[in-house]
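Notes for the one structure printed next.
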Amino acid sequence: MKFRHFIALTAQTLLAFAALAGSVASLVWLERQNAALTAPDLPRWDETAPLIIVDAGHGGHDGGAVANDIIEKNLALDLARRVKRELEASGLRVRTTRDTDVFLPLEDRAALAAKHQAAAFVSVHLNTDGAGSDAEGIETYFADSAPLSARQLASKPVSSADFAAAVQRMVCSTTKAQNRGTKARSYAVVAQAPCPAVLVECGFITSESESAQLKRESYRDQVAQGIAKGVALFLQAQPARPGLIATAVK
Ligand SMILES: [Zn+2]
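In my numbering, each residue's number is its place in the sequence shown (first place is 1) plus 2.
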């Protein structure tokens with residue numbers, strides 16, 4: 003090999019490596035941008051943080067739906083516990099309607115929100131498709147007539163529809179599940195809550211693939227993280243509160 007050829011080959015190899023390194027770097031950058039866009043960090047709160055009610059659907063003699071070896075009440079409780087953990091990690095205060103396998107009337111669940119002057123109420127459920135088709139995805143319900151407290155009305159119109167939109171957006175972002183949108187329906191548990199309230203149907207246990215996903219702990223964490231981020235996003239859209247130390251949605 004002539005020296006000139008050697009130099010040319012070396013230069014070509016170096017250029018190829020540089021191009022490769024460049025595309026790896028831009029892929030990493032793109033990934034970071036996506037992560038920043040779709041997964042804002044939860045804001046930090048101090049001890050005056052708002053209180054959130056997390057409601058695990060069904061319980062006790064009311065098992066909810068059953069399919070693919072999943073009993074809704076058990077999975078709802080597992081998810082609610084994870085949501086609680088995520089919210090508390092960001093400094094929010096949390097009360098759960100039930101932390102064991104007990105039956106609780108719907109009005110008692112909503113009443114807890116009044117008792118604790120909750121800022122928001124989230125009910126966790128799993129969906130079923132009775133028709134035997136393979137429906138999939140996540141949907142969030144809200145009662146459009148949910149009454150607001152005098153304080154909420156005085157500050158800024160906040161609605162359960164906004165709350166549902168924030169939760170639905172974030173939970174679909176963290177799980178990559180099919181986005182079935184938000185829906186207005188006056189389920190008693192959200193209609194009776196005296197604060198913005200949503201009911202999240204976290205996936206179809208009748209779907210073979212989605213029930214398999216829901217059996218994975220890491221997927222259930224993604225669901226919980228999405229719901230918690232939705233709560234944070236919604237609370238951040240409220241007028242400035244003293245309890246919020248710093249906002250972190252970038
Ligand atoms: Zn249910």
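Built from N, CA and C at the ideal position, the CB exists for glycine as well.
In this structure, the C-beta of G139 stays at least 8 angstroms away from each heavy atom of ligand 1.
Counting only residues of its own chain and dropping the five nearest sequence neighbours on each side, T130 has a CB closer than 7 angstroms to the CB of A67, A69, F206, I207, T208.
At a threshold of 8 angstroms, E74 counts as near ligand 1, since its beta carbon sits closer than that to one of the ligand's heavy atoms. Only exposed fits T102, as fewer than 16 other CB atoms lie within 10 angstroms of its CB. Using a Cβ distance threshold of 9 angstroms, Y143 and T177 do not count as a contacting pair. When DSSP states are grouped into helix, strand and coil, G228 belongs to the helix group. Using a C-beta cut-off of 8 angstroms, the stretch 86-103 makes no contact with the stretch 178-186, since fewer than three inter-stretch Cβ pairs fall below that distance. If one requires a minimum length of 3 residues, the beta strand (DSSP E) runs lying completely within the stretch 177-208 are 181-186, 199-206, in chain order. Annotated as distal: N181 and Q194, with beta-carbon spacing of 9 angstroms or more. Shortest gap from the CB of A67 to any heavy atom of ligand 1: under 8 angstroms. One Cα belongs to K217, the other to R46, and the distance between them is close to 30 angstroms. The alpha-carbon of I55 is positioned some 6 angstroms away from that of V124.
Taking C-beta atoms under 8 angstroms as the contact rule, V191 and A112 qualify, at a distance of about 6 angstroms. In the three-state reduction of the DSSP assignment, E210 falls in the helix class. Secondary structure note for R97: its beta strand (DSSP E) is the uninterrupted segment 95-98. Between ligand 1 and the CB of G59, the shortest heavy atom gap is smaller than 8 angstroms.
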